[in-house]
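Enquirer: Starting off with a structure, shown below.
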Ligand code: PRP
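In the numbering used here, the protein residues as written are 146 to 355.
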C-alpha cells in the first residue's frame, strides 16, 4: 500500500506538527534534516509529509493528491472547500479580530475594512447586517488604517504585539483559530482504518498535554 500523504503548512505549524509526531513516537529525522526537499517520509506513520503553503494544503487535499492536511482554521474559514475537518490539534492558537485606531471600539461606524481575509470579513459584517467595503491587502494589513485607507482591519491576533507596536486596538473578537486536521472525502472512506489509528494516537498526545 502506498504511504498516506499528509500535507503540512510550512512554517510555524510545521514545527508544531513535527513535535506532535515525535511525541507520538515517530522518528522525524528526515523532516528535521530536509534541506530543500518538500516530500519527506515519516516511516513510523506509514506516511509522507508534503510541505506546502496553507492555501495549497487545502488544494492538494481537495484534489485527493494528499489524503490528510494540517492547516489553520483561518485558511479553512477563508477558502471553504469540500473536505472533512476531523480534529482540532490545539496548537497554532490565535483569533480573528477587528482592530482599529483608538482604544474605544467604533465598530458601528466602520465603512471600509482592510484584510488578508476578505471572505471572512464580508461574512462577519454581513452577519451583523453592516454594509461595508473590503480592501484586500496581502501583508502587514496594520498599515491600512495608519495610512487612512481603511477604518479598521480584520486580522489574526496572536500575542497582540503587532497591534500594540502600531498603535492599534482590538475592537471586537471574531473567531478563535487553531490548527486543524482535514481529510479528503474519498480517502476518508478508502483508508479509514489507517487514518483513524493516526488520529487516535494524535488525540492521546493532545489530551495528555491538557
Ligand atoms: C500575522 C498577522 C499579524 C501578526 C499578529 O502576520 O497578520 O500581523 O501575525 O501576531 P501578534 O499578535 O503575535 O503580533 P504574519 O506574521 O503571519 O505575517 P504577514 O503579515 O506577512 O502575513
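Quick reminder that beta carbons are idealized off the backbone N, C-alpha and C, glycines included.
In this text, all values refer to a predicted model and were calculated from it rather than measured experimentally.
Based on Cα-Cα distance, which residue from 232, 255, 179 and 354 lies nearest to residue 275?
Expert: Translated into the one-based positions of the chain shown, residue 275 becomes position 130. Of 232, 255, 179 and 354, the residue nearest in Cα terms is 255.
Enquirer: In the DSSP assignment, find the beta strand (DSSP E) that holds residue 300 and state where it starts and stops.
Expert: As a working note, residue 300 is residue 155 in the chain shown. Note, residue 300: beta strand (DSSP E), 297-302.
Enquirer: Tell me where the alpha helix (DSSP H) around residue 251 begins and ends.
Expert: Residue numbering aside, residue 251 sits at position 106 when the chain shown is read from its first letter. Segment: none, residue 251 is in no alpha helix (DSSP H) and carries neither H nor E.
Enquirer: Count the C-beta pairs between the segment 319-328 and the segment 277-290 that are closer than 8 Å, then say yes if the count reaches three, no if not.
Expert: no
Enquirer: Can you tell which of 348, 335, 344 and 327 has its C-alpha closest to the C-alpha of residue 204?
Expert: For the purposes of this step, residue 204 is taken as the residue at position 59 of the chain shown. That would be 327, whose Cα lies nearest to the Cα of residue 204.
Enquirer: Using 8 Å as the cut-off, classify the Cβ of residue 321 as near or not near the heavy atoms of the ligand PRP, replying yes or no.
Expert: Along the chain shown, one-based indexing puts residue 321 at 176. No - the ligand PRP has no heavy atom lying nearer than 8 Å to the Cβ of residue 321.
Enquirer: Taking contact to mean 3 or more Cβ pairs, one atom from each stretch, closer than 8 Å, check whether the segment 191-209 and the segment 149-160 are in contact.
Expert: yes
Enquirer: Which word fits residue 223, buried or exposed, when buried means at least 16 other C-beta atoms lie within 10 angstroms of its C-beta?
Expert: Taking the chain shown and counting its residues from 1, the one referred to as residue 223 is at position 78. Burial call: buried.
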